[in-house]
Every structure is written in structure tokens, then in C-alpha cells.
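Visitor:
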Amino acid sequence: MQHFDDNAKRRIRWLARRGLLELDIILGRFMTQVFDHLSDSELAAFVALMDLPDPEILALINKAEECAYPEFEPVLEKIRQAERL
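The sequence shown runs 1 to 85 under the UniProt record's numbering.
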């Protein structure tokens, strides 16, 4: 399993900056409230999630599309919870 040090986490924070405003707002809340508490496996799933196109990420967060990646579900749920706060 990959270990994420502070430099890796800074790069991940940069990945979370998206071009879609609504997604940027949702992920901004998540990054502020939850990001620092993610495990390495959750961070790995989050990095993989960020490889998807913005509309697909937003659809997965909003449950407009069914998630074909079970490893994303825990992270997606944490993003949804941060959105509700």
C-alpha cells in the first residue's frame, strides 16, 4: 500500500482543484473538513477518483450515476457528508 507524506498530500490538494465550479465548491468543503483525516487507502481511492472527468465525478457524488468502482464508495460518502455540513 502506498504511504502519502506531506508532499504527496499537497499534490493531492492541487488535484482537487477542478474546472467545474460546483465540483470545486463541493471538493473545497471536503478538503477543509475531511481530507486530513483520510487513511492511505482512502487517499489512494481519492487520487483515482480525481483521474475521472469532472462531470463523471459530480454525477458520482450526486448519485446521478451508479458507481462502477466500489473502492470509491467510502470516499464518495465522505464527500457527500462534507457537502451536507
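In this text, a Cβ means the ideal position worked out from N, Cα and C, and glycines have one as well.
These numbers come from a predicted model, not from an experiment.
Can you check which of these residues, A59, R84, L27, E66, is closest to V47 by C-alpha distance?
Guide: The residue among A59, R84, L27, E66 with its C-alpha nearest the C-alpha of V47 is L27.
Visitor: Which parts of the segment 12-64 are runs of the beta strand (DSSP E), unbroken and 3 residues or longer, counting only runs that do not cross its ends?
Guide: none
Visitor: Are three or more beta carbon pairs between the segment 12-19 and the segment 49-66 nearer than 8 Å?
Guide: yes
Visitor: Report, in whole angstroms, the separation of the C-beta atoms of D54 and L20, which I expect to be a contact under 8 Å.
Guide: About 4 Å separates the two Cβ atoms, so the contact holds.
Visitor: Could you pull out every residue in the same chain whose Cβ sits closer than 8 Å to the Cβ of E56, ignoring the five residues on either side in sequence?
Guide: E65
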